[in-house]
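Quick notes on the structure that follows.
2 protein chains.
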Amino acid sequence: MARKRSLDEGPVIAGQILDDAARLFYNKGYDQASIRDLASLSGMSPSTIYHHFRNKQEIAFQVIRRFMVNFNEALLPVVRDSSRPVLDRLDDTVRLHLEISDQRLPELLRMQSFRDILADDQEREIARLARDYHDGVKDLIRQGCARGELTVSDATLVTMGILDMLNGVRAWFDHAGKLSLAEVVRAYTDIVRRTVGAPTSGAE
Amino acid sequence: MARKRSLDEGPVIAGQILDDAARLFYNKGYDQASIRDLASLSGMSPSTIYHHFRNKQEIAFQVIRRFMVNFNEALLPVVRDSSRPVLDRLDDTVRLHLEISDQRLPELLRMQSFRDILADDQEREIARLARDYHDGVKDLIRQGCARGELTVSDATLVTMGILDMLNGVRAWFDHAGKLSLAEVVRAYTDIVRRTVGAPTSGAE
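Just so you know, the protein sequences line up as chains A and B, in that order. Each residue of the first sequence is one higher than the one before, counting from 422 in our numbering. Each residue of the second sequence is one higher than the one before, counting from 422 in our numbering.
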């Protein structure tokens with residue numbers, strides 16, 4: 422597919438480079454992937470890529486950062502919408518967390534090895550974005566407790582447990598497997614409700 | 422510290438090499454670590470190391486494999502001991518899982534990137550060991566359901582959720598932080614009991 426490349430399309434091109442880089446890192450591994458591979462995959466010259474990004478590490482950082490910014494943009498308004506019941510927001514959080522992680526798997530699956538290569542300030546930026554989400558979920562659980570809808574002994578640890586459980590799914594979920602993502606979402610919604618002492622859908 | 426190196430100490434030396442390699446990979450990263458670094462850290466010659474292991478990849482595989490064999494040796498007898506109450510076994514599983522993961526952190530924390538470098542047959546062997554443990558926990562949960570002590574809607578998914586939650590702890594637990602490992606164990610014991618519909622310790 423041919424791509425337009427006029428000068429005022431900088432952000433579009435940068436976004437395309439990140440899309441292609443995410444797939445390349447996913448398929449080939451970060452260490453094995455070169456700017457030359459990326460240029461070849463993107464149908465761009467290496468100099469176009471270097472026009473947008475300093476080096477491969479910068480690209481990896483921007484792939485992770487963009488994902489987490491988008492993730493928080495989708496999740497935080499749901500988590501923080503105090504006009505809605507706590508349990509509805511919690512259910513939506515579970516669903517959106519699993520759906521977005523699934524849709525954008527290439528940007529995520531190798532994030533642990535990405536972190537090995539981030540500079541300190543890049544790692545702090547990623548940690549800050551992760552903390553914003555963590556804190557949003559923790560505050561939601563605390564609101565539920567304050568309203569008498571949830572009970573937890575330690576909101577921080579329950580939040581860690583829930584997020585680690587949700588983050589774990591992408592490593593084993595298989596679209597070719599027995600369960601659909603919707604079925605996993607339904608089961609995890611009930612598991613998460615249980616961890617915060619909320620009633621489940623009763624489908625047991 | 423000086424180390425004895427007689428010929429009949431082969432397994433001891435191999436074990437020392439794996440200990441040192443685990444620390445080296447943990448501190449320096451697998452890609453950056455060389456056999457020369459390992460030789461220097463171990464106080465052994467590269468040829469001694471090559472006498473025991475084919476190459477760096479073989480060492481990484483054996484680090485992971487040895488951990489998982491030891492982990493299963495510690496956990497499976499507890500998980501499978503049908504003479505004990507289901508909940509006692511589940512509580513011990515949570516505690517041992519967290520304690521062993523903590524004690525042997527260097528062998529674990531970079532396991533995801535290790536997996537990227539394993540050969541197919543090595544990856545199958547590691548997957549088999551992980552499955553033995555997963556199946557043991559799942560069977561325990563099913564026994565609890567059959568005895569009316571637990572209720573879950575899907576034992577496989579609850580098991581995945583519990584194990585991902587327990588595996589997540591090592592990435593964020595900090596001995597210098599506010600909580601001791603014993604406190605995390607206590608909180609996670611209750612969270613895990615909730616996921617399987619069992620009564621908690623009531624300390625809420």
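For each residue, glycine too, the CB sits at the ideal point set by N, CA and C. Source: prediction; values computed, not measured.
Test item: CB-CB of residue i and residue j under 8 Å
i, j, result
"Asp-575(B)", "Met-586(A)", "no"
"Gly-557(A)", "Val-500(A)", "yes"
"Val-605(A)", "Val-590(A)", "yes"
"Thr-616(A)", "Arg-615(B)", "yes"
"Tyr-554(B)", "Leu-508(B)", "no"
"Val-441(B)", "Gly-450(A)", "The amino acid at residue 441(B) is misidentified as Val; the sequence shows Asp. Taking 8 Å as the Cβ cut-off, Asp-441(B) and Gly-450(A) do not qualify as a contacting pair."
"Asp-452(A)", "Asp-452(B)", "yes"
"Arg-486(A)", "Ile-547(A)", "yes"
"Ala-454(A)", "Glu-528(A)", "no"
"Arg-475(A)", "Pro-467(A)", "no"
"Gly-618(A)", "Leu-571(A)", "yes"
"Leu-439(A)", "Ile-480(A)", "yes"
"Phe-482(A)", "Leu-539(A)", "yes"
"Leu-445(B)", "Glu-520(B)", "no"
Where residue i falls, given that 16 or more other Cβ within 10 Å makes a residue buried
i, result
"Glu-494(B)", "exposed"
"Ala-624(B)", "Its pLDDT being 44, under 50, Ala-624(B) is placed unreliably by the model, and nothing is read from it."
"Gln-524(A)", "exposed"
"Ile-612(A)", "buried"
"Lys-599(A)", "exposed"
"Ile-470(B)", "buried"
"Ala-597(B)", "exposed"
"Val-484(A)", "buried"
"His-518(B)", "buried"
"Val-490(B)", "exposed"
"Ser-504(A)", "exposed"
"Ser-463(A)", "buried"
"Gly-569(A)", "exposed"
"Gly-431(B)", "exposed"
"Arg-549(B)", "exposed"
"Met-422(A)", "Interpretation of Met-422(A) is limited by its pLDDT of 48, a score under 50 that renders its predicted location unreliable; the figure taken from the coordinates is listed afterwards. Burial call: exposed."
"Ala-608(B)", "buried"
"Arg-510(A)", "buried"
"Val-433(B)", "exposed"
"Ser-522(B)", "buried"
"Ser-622(B)", "exposed"
"Pro-620(A)", "exposed"
Listed by chain order, chain C residues near residue i by CB distance under 7 Å
i, result
"Val-579(A)", "The structure shown contains no chain C; its protein chains are A and B."
Start and end residues, alpha helix (DSSP H) containing residue i
i, result
"Val-605(B)", "602-616"
"His-473(A)", "467-473"
"Val-573(A)", "Looking at the DSSP string, Val-573(A) is not in any alpha helix (DSSP H), and its letter there is neither H nor E."
"Tyr-447(A)", "431-449"
"Asp-458(B)", "456-463"
Which runs of the beta strand (DSSP E) fall wholly inside the segment 493-552 of chain A and span at least 3 residues, in chain order? none
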